[in-house]
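Data first, discussion second: the structure below is written as structure tokens.
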Amino acid sequence: MTGLGLEEIQGRVGADWARIIDLLKGKIALGSVSAKGITGEHMRNSAEFVAEELTKVGIDARVVQSTNADGTPGAFEVIGSRIVDETAPTVLLYAHHDVQPVPDPTAWETDPFTGVERDGRLYGRGSADDGGGIAIHSGALHALGDDLKVNIKVFIEGEEEMGSPSFIPFIEAHKEEFDSDLIIVADSGNWSDRIPSLTTSLRGNTDLDVTVKVLEHPVHSGQFGGPILDSNTLAAMLIASMYNDKGELAVPGIEGGQPVGGLQRDLDPDQVRKDAGVVDSYRLAGTDSLASRLWTKPSASIIGFDAHPVEGSFNVLADQTRFRISLRTAPTQRPEEAQKALVDFLRSHAPLGAQVEFSCGENGMGWAMDPDSQVVRNAEEAMRQAFGCDPVNKGEGGSIPFIPELKRLFPKAQVLVTGPEDPKGNAHSPNESISLYGLERNIVTEALLLDSLGN
Ligand code: BES
Ligand code: MN
Ligand code: MN
11 MTGLGLEEIQ GRVGADWARI IDLLKGKIAL GSVSAKGITG EHMRNSAEFV AEELTKVGID
71 ARVVQSTNAD GTPGAFEVIG SRIVDETAPT VLLYAHHDVQ PVPDPTAWET DPFTGVERDG
131 RLYGRGSADD GGGIAIHSGA LHALGDDLKV NIKVFIEGEE EMGSPSFIPF IEAHKEEFDS
191 DLIIVADSGN WSDRIPSLTT SLRGNTDLDV TVKVLEHPVH SGQFGGPILD SNTLAAMLIA
251 SMYNDKGELA VPGIEGGQPV GGLQRDLDPD QVRKDAGVVD SYRLAGTDSL ASRLWTKPSA
311 SIIGFDAHPV EGSFNVLADQ TRFRISLRTA PTQRPEEAQK ALVDFLRSHA PLGAQVEFSC
371 GENGMGWAMD PDSQVVRNAE EAMRQAFGCD PVNKGEGGSI PFIPELKRLF PKAQVLVTGP
431 EDPKGNAHSP NESISLYGLE RNIVTEALLL DSLGN
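Throughout, the working numbering is defined as the position within the sequence shown, counted from one, plus 10.
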């Protein structure tokens, strides 16, 4: 690669390090929890903070409140650009400034909204997801400074954790500001903080609420129990019917897939158990590579279940039970198709003919990278230089549903999914953190990559 070179960029990132850490700490302190209200003042403050930080690195940035499809006010989005040469490629940098809630601060070892450095990591809600993405873009732009040779557009979203409800109307209203040749989505992560990765695929996701009804009203469990199963038990039987004896989701019409670009390295079951905190006696469900089970095969999780709490329960048969299934779909299957297959299956498996009703939630499509594109090769080379080792392809079980939407609206744009996360990062959980080693190399990678794309 010609251009600034590794050492020059490393030096510039090193000299900028205190600013990058301050940025992350400042961002964490804002507590930009979108679940507390996308349109809240705290979200406006967060967007303004980000716009100011982008301005410091040469981006002409501003905060714009989006409008939902129904005309109501939406999220505080940050958009900006720096055009250096009309003939050069244009790269859109994406991250999100909203963060997940903290339902139980006592589960944290440090204050969730104070950035705390400890053992090479910075702890705090949003330190990785996705404050890290903002820090990567900011650090890379600072490092390139006036040597920037590509045009930059930036979009830092304010409602990603809520499923991006106003995303489409927002892009449609700002098409020019999104138009680009390459979109770098820094909202995923690396194999580990030492081994870099491009994310090769993301799963889709969809929700389904199911109500199982057996009685018109609750009745005495001694008087009627036996021939009449309570609705909680019937719901449990219905849920269990989705799985085969290996614990695999086995619903006809819900597709699986294989790792995109081939499986370079499988996940280590012991590491996955450790990262997730699995109890010793539990055997991991399913067959085939662990990578395929986590990245490209479907999974269904019961994320809500309405039943009487144990405390204060009394001797009645529950009349009806509602639960919510979160279905993660293979990267290339349309989630609505998988959702329909699930509804058909559950309808035909109503235990003992119980009444089953459905309410379908939002759908988000998965995504698969084009492993043969030139820009993938550029990114891999940048990673190799910055981390000093070969990157390892990695799929993700999580979802970033707007990526396929971007691809639909800007078909000529390539998409690279990178990001600050690593398996120790605890995104969405207590004690979320970012590896500072990984962050520094991610910044160097992005700077090298942008530099390699210039004329
Ligand atoms: N950054 C995550 C997506 C992700 C998770 C990438 C794990 C790589 C590894 C993103 O912020 C997220 O949480 N997405 C949601 C999307 C949902 C709200 C539609 C998800 O996956 O649950
Ligand atoms: Mn994220
Ligand atoms: Mn997230």
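C-beta: ideal position from N, C-alpha, C; glycine also.
Sorted by chain position, which residues of the same chain lie with C-beta nearer than 7 Å to residue 404's C-beta, five sequence neighbours on each side aside?
-> These residues qualify, in order along the chain: 201, 207, 209, 210.
Could you tell me which residues DSSP puts in a beta bridge with residue 405?
-> The partner list for residue 405 (beta bridge, DSSP) reads 211.
Examine ligand 3 and report whether any of its heavy atoms sits within less than 7 Å of the Cβ of residue 437.
-> True, at least one ligand heavy atom lies under 7 Å from that Cβ.
Note down, one range per segment and in chain order, each beta strand (DSSP E) of at least 3 residues found wholly within the region 144-175.
-> Listed in chain order, the complete beta strand (DSSP E) runs (minimum 3 residues) inside the region 144-175 are 161-167.
Measure from the alpha carbon of residue 226 to the alpha carbon of each residue in 220, 215, 238, then state which is nearest.
-> Residue 226 has its Cα closest to that of 238, out of 220, 215, 238.
Residue 374: first and last residue of the uninterrupted beta strand (DSSP E) it sits in = Annotation: the continuous beta strand (DSSP E) that includes residue 374 extends over 365-374.
Name the DSSP beta bridge partners of residue 88, please?
-> Answer is 73, 166, bridged to residue 88.
Any heavy atom of ligand 3 closer than 7 Å to the Cβ of residue 347?
-> No, the beta carbon of residue 347 sits no closer than 7 Å to any heavy atom of ligand 3.
Of the listed residues 264, 295, 315, 22, nearest to residue 308 (C-alpha basis) | Ranking the options by Cα distance to residue 308, first place goes to 264.
Label residue 318 either buried or exposed according to how many other C-beta atoms from any shown protein chain fall within 10 Å of its C-beta, with 16 as the threshold for buried.
-> Exposed is the call here.
Residue 11 (DSSP reduced to helix, strand or coil) = Low confidence applies to residue 11: its pLDDT is 46, below 50, so where it sits in the model is not reliable, and the reading given next is rough at best. Three-state DSSP puts residue 11 in coil, outside helix and strand.
Cα-Cα separation, residue 261 to residue 297 = When the Cα atoms are used, residue 261 and residue 297 turn out to be separated by approximately 15 Å.
Could you tell me how far apart the beta carbons of residue 286 and residue 196 are, in whole angstroms, since I believe they sit closer than 8 Å?
-> Between residue 286 and residue 196, the beta carbon gap of about 24 Å keeps them out of contact (Cβ cut-off 8 Å).
Proximal residues to residue 245 (C-beta, below 7 Å), its chain only, five neighbours per side dropped = For residue 245, where only same-chain residues beyond five positions count, the Cβ hits under 7 Å are 222, 331, 333.
Among 50, 152, 448, 177, which has the Cα closest to the Cα of residue 76?
-> If you compare the alpha carbons of 50, 152, 448, 177 with that of residue 76, the shortest gap goes to 177.
Round the Cβ separation of residue 61 and residue 71 to the nearest angstrom and send it over; I've been treating them as touching at under 8 Å.
-> Contact holds; Cβ gap of about 4 Å.
Coarse secondary structure for residue 201, derived from DSSP in three states | In the structure shown, the three-state DSSP call for residue 201 is coil.
Taking only heavy atoms of ligand 3 into account, decide whether any of them is closer than 7 Å to the Cβ of residue 217.
-> Because no heavy atom of ligand 3 lies under 7 Å away, the Cβ of residue 217 does not count as near it: no.
Counting Cβ pairs closer than 8 Å, one from the region 422-438 and one from the region 180-200, do we hit at least three?
-> At 8 Å Cβ cutoff, the stretches touch.
What are the start and end residues of the alpha helix (DSSP H) that includes residue 124?
-> Taken as a continuous stretch (DSSP letters only), residue 124 belongs to no alpha helix (DSSP H), as it is neither H nor E.
Simplified DSSP assignment, three categories, for residue 283 = Judged by DSSP in its simplified three-state form, residue 283 adopts helix.
Tell me whether residue 170 counts as near ligand 4, meaning its Cβ is closer than 7 Å to at least one heavy atom of that ligand.
-> In the structure on display, ligand 4 does not appear, and the ligands it does have are ligand 1, ligand 2 and ligand 3.
With a 10 Å radius around its C-beta and 16 neighbouring C-beta atoms as the bar for buried, classify residue 51 as buried or exposed.
-> When all chains shown are included, residue 51 counts as exposed.
Residue 133 bridges to which residues according to DSSP?
-> Answer by DSSP bridge pairing, in chain order: 126, 443.
Same chain, Cβ closer than 7 Å to residue 122, five either side skipped, listed in chain order = The beta carbon of residue 122 sits closer than 7 Å to the beta carbons of 112, 115, 134, 135 from its chain, once the five residues preceding and following it are set aside; these are given in chain order.
Near residue 344, what residues of its chain come up, given a Cβ to Cβ distance below 7 Å and the 5 sequence neighbours on each side ignored?
-> If we look at residue 344 and ignore the five residues flanking it on each side, its Cβ neighbours are 375.
Coil, strand or helix - residue 194 by DSSP = Reduced to three states, the DSSP call for residue 194 is strand.
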